[in-house]
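Protein chains in written order, with this note's numbering: chain A, 23 to 209; chain B, 1128 to 1314; chain C, 480 to 779; chain D, 160 to 533; chain E, 129 to 717.
Positions of the beta carbon are idealized from the N, C-alpha and C atoms, including for glycine.
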Amino acid sequence: MYCNQPPEKPGNKKELLEKITNMARANSLWVTAYGTGCGSIELRPLGTSRFDMERFGIAMRPTPRQADVLIISGYLATKTLKRVIRVYEQIQDPKYIIALGSCTINGGMYFDSYNTLNVLDKYLPVDVYVMGCMPRPEAIIDGFSLLMQKIKDGRAHGWKHYKENLDYYRENQKKIITDWDLPDYNW
Amino acid sequence: MIDKVKNGFEIRFPLYKLVREQHNYLHVKVDMVSAMDAIVMAKTSLGHNVLQLISTVDRIEDGVFQITWILENYGACTVLLISADFPRENCLVPSLSQIWPAASAFEREIFEMYGISFPGNPREGEDFLLESWKDTPPMRRDFETEEYAMRVFGERQPREHIDPRQYVGDIVGEWNTPMGRKRKEEK
Amino acid sequence: MFANFSSIALTILGALTWGLLLGGISRSVTARIHGRMGPRVTQNFIDLWKLFRKTSSIHHGGMFWMAPMFRITGAICVLIMVPLVVGQNITYNMSFAGDVFLLIYIMFFGCLGMALGAGNSGHPYAVIAVSRGLAQMSSYELSFSIAVVAIAVGLHTFKIEGIVAAQQAGITSWNIFRFPFASAGALLAFLPMQMAYPFGIVLAPQEIPIGPPTEYSSRMLSFMFSGRALFGVAKLILFVSLLFGGASSWLGLFVKTFLLYMYPVVVSSVFPRFRTEQSIRFLWFIPTTLALVDLVRVML
Amino acid sequence: MGVNPATDPKKTTHLFFGPQHPGVTGNMSVEMWFDGDQITKAITHVGYLHRGFEKLMEKRLWIQNFPLVCRICVPEPDINEECYAMAIEELTGIEVPERAKWIRTLVLELARLAVNLMAFGGQGGTLGLGTAAMWGITFRDFVLDLFEELTGARIYHIYIQPGGVRRDLPQGFGGRVEKVLEKIEKRLPELDRLVLNNAIFKLRTQNVGVVKPEWIEEYGLVGPVARGSGSVRDVRKDAPYEIYSKLEFDVVTESGNDIFARVMVRRREMDLSISLIRQILSKMPQGPVATKLPNLTEWRVPAGEVYSRVESSRGEYGYYVVSDGSLKPRRVHVRGPSYVHAVPLLERMLVGANIADVSNIMVSLTTCPPEIER
Amino acid sequence: MKFTDVISPFLAWSRAAKKVDTIPYPNQQNPGADRYRGFHINDTSKCIGCGRCETICENKAIDMVKVEGVDPAKGDSGLRPVVDYGRCCWCALCIDVCSTGSLAFTNSYSWVTENPDTCRYTPGVDQKPWDNQEKGFRQNNDVLGWAGSPREQMEIETPEKRIENFDEVVKGYTIDQAMEEAARCIQCGLCISACPAHMHIPDYLKAIAEGRFVDAVKLFYDNNPLPEMCGKVCTRQCETVCAMGYQGESIAIRWLKRFACEQFESLADVLALDAQPGEPNGKKVAVVGAGPSGLSAAYYLSRKGYEVHVYDRLEKGGGVSWYAIPEYRLPADGISKQMEVFEQAGVIFNYGKDVTKELLTDLENRFDAVYLAVGLQKPSDARIEGEDISEVKPAFDFLMNAPDKGQKLTGKKVIVIGGGNVAMDAARTCVRLGADVVLSYRRRIEDMPADDEEIHEAMEETIDFRPKTIPIRIERTESGIRYLYHEAKMVDNPKGGRPLPKPKDDVEHAVDADILFSAIGQTSDIEFIPESMQKGMKLKWGRIIVNESQYTGYKNFFAGGDITPGEGDAITAIADGLRAVQGIIDRLR
């Protein structure tokens, strides 16, 4: 039913309304509470009193259905990738991915590991990369600022790209996840 | 304290090999047939009744897996390591999961990582760290992790790399000497 | 009739704004005890707008869609049946139409509809949360009902208008002083009603993320949030009317509802959650007993 | 064919708890079957963070493994460095200068303090007491500031190395440590009042998540989990490393067996750490902080096998290091305390528990998935 | 349940009235700590491109690449590190091992991007916002010693003992010491660019470190047929560019070469099949002069199958380097050990042949090619008044027949003029013969061309150094001679270059002595070359100018060693020989 239909192509919205909406989107980024890697240790100071990301309207949501942002906090093991794809596809549009750390860019420390993937954007569309291992909370805030800027400018189109190039992403994903047992579309 | 343990081994397993000895630390090596007896003896009569770790070393050049059981005596705070070599082909090692419930997890991991089977472990074969792994068990020495990673995961950009030693040699003409050309070919 | 409709619309809109604003303020206040700066006060509006304008939204059939509607309907019914400000007829809306039992029924109906819808999402966490929530609701509704009955019997009127009118003789005539035990019971029941800790077993992110709304997203969630805001304000107004003498002016209304809203916030920030059976045991014994004391007193 | 009553689909609900779940400590999951509210069977699933550390270590030089090992345990990286460095020192016979030993102990205790603060606050957080989690993690951040100043990084310090530490203490560091300790000491009572003197917190933790004393030896439990059940085992006391034999302290132990006892152990460990840090700062000797190492890229560690142990905030932490005399280790096996805590023990403890207590129990064991999976 | 347990949590609300803990980050910047491991910077002018950072990086995050604007030079590979932040883990191992300390971390920590392909950059070359950051993680080699370490110290005879005899001063490494010293090598290969003969230094150091001494010797013989000599008296330009020398002490490449050779009684046996004459190709080459240059040309030509005849006026092979260097630096035993290799390689020696015009004409006719490597024969004039006194002698002549080779020293008080290795050798030889020695040099001690070690050892051996002395004249006195000089001050050279010594005042200082050796260099003497040949060659200041393959321009004549302009040391001479071999092979093809 809802999870077996091909995704609908995003249409154009009215300019002004879209602008206001983008402002709202930028100032209300809800993050899926999924610590995929070691970077999530720096999300705790970020979420708590010391750096307090709620100042920017960023909040943790326990369920992907209600979130806008997925933070890939560092390396992804192949076993996690499967869950992350599931989580990402459960997030409702528009949705964004922030990737933390070297591991997401080119493998980082684990470039030669048999169980972690090296180039994240082959499998999921990434909007913002934050350099560091681990990035400090301040750097993550800067990452969010860049994402906000992108949303306000209407450039944060990773999710559209994912839908339009679903076949490409699926092919790459299935190359790694040999026992693919997810539905073909699950949003 | 450790002397008592050592005496125990001298009496029961006169052929044991002493690897390392300290005031609260003893590492002995026995043959594969008496390994189980040694562990049971350590647990029942030598006071080393806590299993800390089961570890494996792939000694591929000797064609054996060296299994090491690390047992502790909580009262005296001494460590006893018992090692034994098992042939690498169709490796079967007796399971301790009936004696220590914690052993089951260690044995599941070793089965996954080395392909060593522990007959008697009821949960053997359940996915532990890996998911649907089809290649050589990854911790074996003959599994090349970097090659695997590059083949399966790839990298962002190919490495553009110049070895300074070769480069300097080439530009100054290190190999242009009468005998040098031959040497370079050898290299 | 037209004036009535527009005043109803204004009431709903105002209640929504006030509810969201209260939510924002409570987030800021909670942030203070955490030792942090906290979000903007308007954050809830931004969130709501964003959710409303998300481009995709999954649903799990008609019941699923109905759930927030049930709640919004319940909230609106309560809002229009309770007089907002005493003496200003325009705020009376339809208060002539109901008595407190109808109100209690409508409140229960809203939650029940919510439970039905959320249960229909098929997510095990939502199902667990619904079962927890209904179990808890049955216990706090009991104490709340007994308290209301005690007050109503004591004041010899079941009309909310009458209850409000009976409290207009100065601060000592407020029901909270006239029926202290029933009020205490009702106020304790107010905590689970607002899903405040230690009774927040329904929305327990660390246990059953995040309970009934697990599967709700985008527009559905924005309805859910507005429903919650409306319902929150409705409950506040109901409690103000029942226990705190209603509001004799707009300022009084805002102050009273604000203070009442802060009460669960204060408790919530310093207590962890009960387990389900602990919560129910607590609600069955303490508030119910308290309310019963007053009921018995009134009856005798 | 008989149906296992624990997983009978007619009687039980099948539920996955994690890995995308705010109540799980890190990236792991528990598969559960429960009957009503009671869990009848639980299976821990790990491997979401498996990076193949042990394989990678075999492919890297001895010194190159230091950036790797610290990533095995994210909240408390220093114990890994310490344990690995101790193993190498044992194999090579490299002497550690006296001052370096003191600095190492200082670092280890600061890290223990930091991780206990987080775990203490986190225990409240998992029950919905967000304030406690906020405070605990904020206090931890004060300690991280010290680490940043000392080692140059907040999380992965890569500070301890064979034969000493990488840098001397900065000027006036001791004073700043003292300042932070005072700040934390001043605010800890607030946290105590919020968490330990909280009726509902007690209700939720007392007599919940019981670890029976006889399980300690059966499963090989260590650290606060064992000490909360009356054990007095602490590697710092039993097999002192670095300069623990020169410090005065008593092993913290509680006999409640339940979550509250473990929380109390952690709380008292914080006091212990603070007192140890004060002792270290007052007695810190002068001198060099590192022994010169040979050319790092040509460094061969003599062949041998050694099992080294340190006491982490979660209990005994062991490294089984095998060298074949080459440039790279032959085998490094990391034995993290979470291994038995999160897999066999958790599976056992969850049976009969209430679904509401799953993350409560998990956090009280402070399971750290990266050290299980490596 | 206690009642206080219900009340006490509410006390937490007191926190709400207090100051918040939040750092309002983007509004208030929060700089990293002084030691923060932020982003890389590299001082490209200091960087030598040794690639140490690349080797130590466990993530393969650092690659050495060619960079525009940085050219390879002696001691600088011209490569610079590129850092891939898709790999980096900020462990700072690269910082701590950087041999020059040019690589560092700043305390910036914030870099966000949309484009992951921009994460690779060359610090110091690509402009980045943090390039001018002052603070950050810096190398501290005093603590770690990873970027440079002290040398393995070998045993050196005490000055008191060593002036009593002609035994070697430096004892040489033990096997363990040598292996540890060789293991300090970081295999960067910069030394190859500095060594005139481009020896395979990293390879043989690795061989020594791994205990493969035979391989090491074989590697020596690839580019240098006189390794033992070079192992003792080489000017070791390799060590001056050694990457380990920037923060520590350079690797004792020379001593290790010596060590490897000394491990074997006979080098000929070690080389065995590697030092055999090549397949004869029927061509004949004459080599004039059996010095380092001539010998290396002869060796490789022979190995390539040429029939090689070596002519020398002395009775033994080895040339001046051998004859003139005293025993305590280079014992004579080594000569025959190395000469065996040449004989095994099929080189034919003709000793005692004075190099004359007739000989050259004869060789021109009989051989396909001739290699002239006759070196410098004539001592320079000191150009001091009174230098024709018979007690004033060239130090070079004295050393050629020095007492260890049979000559006696007449007199007890000796003056040596000069600051080169010859001066040091003469002075130290005289000390060993029981004389009091005064050494006079025009410039400062740091300007002396001699090896630092030589100067240092000479100073230990009670030699009276008188730097900054300008000779005036030498007078004969009743008992001997008197040497008069001005004290000098250094003034800047208007043409640039080294400062010039000028007399400080008019005071004449005097030293009495029995004998004076002047060691101010040798000049060439090309009178032995027939005029017809001289016309075909290009000459300048008595030296033969050759092209890059040592070809003189006259028929099949090649020249090398000191007779051609150059550094004037043994290893350059050997390098000349190597080039000549290539030139001859190409020309005779």
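Option in the options with minimal Cα separation from residue i
i, options, result
"E:Met-528", "E:Ile-545, E:Gly-547, E:Lys-506 and E:Gly-546", "E:Lys-506"
"D:Ser-414", "D:Gln-438, D:Val-370, D:His-209 and D:Tyr-400", "D:Val-370"
"C:Ser-652", "C:Leu-495, C:Ser-720 and C:Arg-752", "C:Ser-720"
"E:Ser-660", "E:Thr-651, E:Ile-643, E:Ala-638 and E:Phe-685", "E:Phe-685"
"A:Ala-178", "A:Arg-47, A:Leu-39 and A:Ala-55", "A:Arg-47"
"A:Lys-104", "A:Leu-142, A:Ile-162 and A:Leu-38", "A:Leu-142"
"C:Pro-562", "C:Ile-583, C:Cys-590 and C:Ile-716", "C:Ile-716"
"E:Gly-177", "E:Phe-131, E:Lys-188, E:Cys-226 and E:Cys-216", "E:Cys-226"
"E:Gly-670", "E:Pro-420, E:Ser-652 and E:Ile-543", "E:Ser-652"
Which of helix, strand or coil DSSP assigns to residue i
i, result
"E:Lys-630", "strand"
"A:Arg-133", "Inspection of the sequence shows that residue 133 of chain A is occupied by Phe rather than by Arg. Reduced to three states, the DSSP call for A:Phe-133 is coil."
"C:Gln-646", "coil"
"B:Arg-1147", "strand"
"B:Phe-1213", "strand"
"D:Thr-172", "strand"
"E:Lys-147", "coil"
"E:Phe-477", "strand"
"A:Arg-72", "coil"
"D:Asn-356", "coil"
"E:Gln-391", "coil"
Interface partners of residue i on chain A, CB under 8 Å
i, result
"D:Met-293", "Thr-70 and Ser-71"
Chain E contact residues for residue i, given Cβ-Cβ distances below 9 Å
i, result
"D:Asp-237", "In chain order: nothing, as chain E lies at least about 14 Å away."
"A:Ser-124", "Asn-187, Ala-189, Asp-212, Tyr-213, Gly-214, Arg-215, Cys-216, Cys-217, Trp-218 and Cys-247"
"B:Glu-1287", "Asp-191, Val-193 and Val-210"
"D:Asn-109", "Since the first residue shown for chain D is 160 and the last is 533, residue 109 of chain D is missing from the structure and cannot be characterised."
Where residue i meets chain C, residues with beta-carbon distance less than 7 Å
i, result
"E:Val-148", "Gly-514, Arg-515 and Met-516"
Near the ligand MN: residue i beta-carbon under 7 Å from a heavy atom
i, result
"E:Ala-497", "Inclusion of the ligand MN in the displayed structure is not the case, the ligand content being empty and no account of it being possible."
Closer than 9 Å at the beta carbon, the chain A residues around residue i
i, result
"D:Asn-356", "Chain A residues near D:Asn-356: none, gap ~21 Å exceeds 9 Å."
"C:Thr-693", "Pro-84, Thr-85, Arg-87 and Gln-88"
Supposed contact pair residue j and residue i - C-beta distance, whole angstroms, cut 8 Å
i, j, result
"B:Tyr-1238", "B:Glu-1251", "A small correction: the amino acid at residue 1238 of chain B is Phe; Tyr does not occupy that position in the sequence shown. With 8 Å as the limit, B:Phe-1238 and B:Glu-1251 qualify as a contact, their Cβ atoms being about 5 Å apart."
"C:Gly-601", "C:His-538", "Not really, about 12 Å apart at Cβ, beyond 8 Å."
"D:Val-205", "D:Pro-528", "6 Å"
"D:Asp-430", "D:Val-410", "That pair is no contact at about 13 Å."
Neighbour list for residue i in chain E, Cβ cutoff strictly below 7 Å
i, result
"A:Glu-160", "Tyr-153, Asn-158, Tyr-237 and Ser-238"
Contacts that residue i makes with chain D (C-beta to C-beta distance below 7 Å)
i, result
"E:Gly-317", "Those do not exist, as E:Gly-317 stays about 14 Å from chain D at its closest Cβ, beyond 7 Å."
"C:Arg-752", "Leu-286 and Gly-287"
message = For the segment 145-158 of chain E against the segment 217-237 of chain D, do three or more pairs of beta-carbon atoms, one drawn from each stretch, fall closer than 8 Å, so that the two count as touching?
response = Not touching, per the Cβ criterion.
task = Pair every Cβ in the segment 668-678 of chain C with every Cβ in the segment 630-638 of chain C, then say whether three or more of these pairs are closer than 8 Å.
result = no
inquiry  = Could you check whether the segment 495-510 of chain C touches the segment 700-717 of chain C, counting it as contact only if at least three pairs of C-beta atoms, one from each stretch, sit closer than 8 Å?
reply    = yes
ask   = Are three or more beta carbon pairs between the segment 653-665 of chain C and the segment 37-55 of chain A nearer than 8 Å?
value = no
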